[in-house]
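See below for the structure under consideration.
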Ligand SMILES: [Mg+2]
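Listed below in structure tokens is the structure:
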């Protein structure tokens, strides 16, 4: 059995790691199972996850890069887009900051390999529209979340990251034997295409904005974020 899970809002509560998060870590380790965090956070965060928690792999930057520990315990990072696409993104980012010198790139953009992020809350509507138009003209992929405009070059999604991970590490395991937990629109590729998906109860805030909903939606305050993940895993 493999568990895949989003991080922010799914394994954290109001931006904090709580007792339930550590209980999930202990439970998975005790059961000799594996949890793979699938997050939009940067590559550098993936290094943090693999060095500080009992995890063997994670999928970062919204599916742009897989990180795993090899037999020697070293962290190996494997981008899921080509070197040309990584370079294309770096080149476009330089072009973007030349065109919009004051654009607020997120503080962790320098630690990102396969995507970048803009903190658009400091920008007015016209500026945001101009930036998105500029991206369209340059054939750059982007998505807008509550806090960021993430942009990238190439084919990147959480689902594609999970599929690539399974092909490489668990080629005979069926999707039906795995679970994914999420809480937000950036988990939709998993809700749409992955067989077993679960939304923790705080997903209710964005349910009406989702084009694809998880197969199981947990309810009630006892199932918010990691509380929901923990009790679901316990019952399996
Ligand atoms: Mg989330």
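Residue numbers (my numbering): 5 to 240.
Ideal placement from N, C-alpha and C gives every residue a C-beta, glycine not left out.
Every value quoted in this text rests on a predicted model; they were computed, and no experiment measured them.
Closest option to residue 33, judged by alpha-carbon separation, among 15, 59, 189 and 42: 59. When the beta-carbon positions are compared, residue 24 and residue 233 come within less than 9 Å of each other. Contact check for residue 21 and residue 229: beta-carbon distance about 10 Å, past the 8 Å limit, so the pair fails to qualify. Counting only residues whose CB is nearer than 6 Å to a non-hydrogen atom of ligand 1, the list in chain order is 10, 12, 13, 14, 187 and 188. Spanning the alpha carbons of residue 171 and residue 118 requires a straight line of approximately 20 Å. Judged by DSSP secondary structure, residue 51 falls outside any beta strand (DSSP E) and instead within the alpha helix (DSSP H) spanning 47-56. Burial of residue 42 is indicated by the presence of at least 16 other C-beta atoms within 10 angstroms of its C-beta. Secondary-structure assignment with DSSP links residue 38 through a beta bridge to 6. Approximately 6 Å separates the beta-carbon atoms of residue 85 and residue 160; this is inside 8 Å, confirming the contact. Nearest Cα to residue 218 within the set 199, 231 and 224: 199. DSSP places residue 209 outside any alpha helix (DSSP H), giving it a letter other than H or E. For residue 147, the enclosing beta strand (DSSP E) starts and ends at 145-148. Secondary structure of residue 23 (DSSP, three-state): helix.
Fully contained in the region 171-209 are the following beta strand (DSSP E) runs of length 3 or more, in chain order: 182-186 and 201-203. Pairwise C-beta distances place the region 97-115 out of contact with the region 64-83, as fewer than three of them are shorter than 8 Å.
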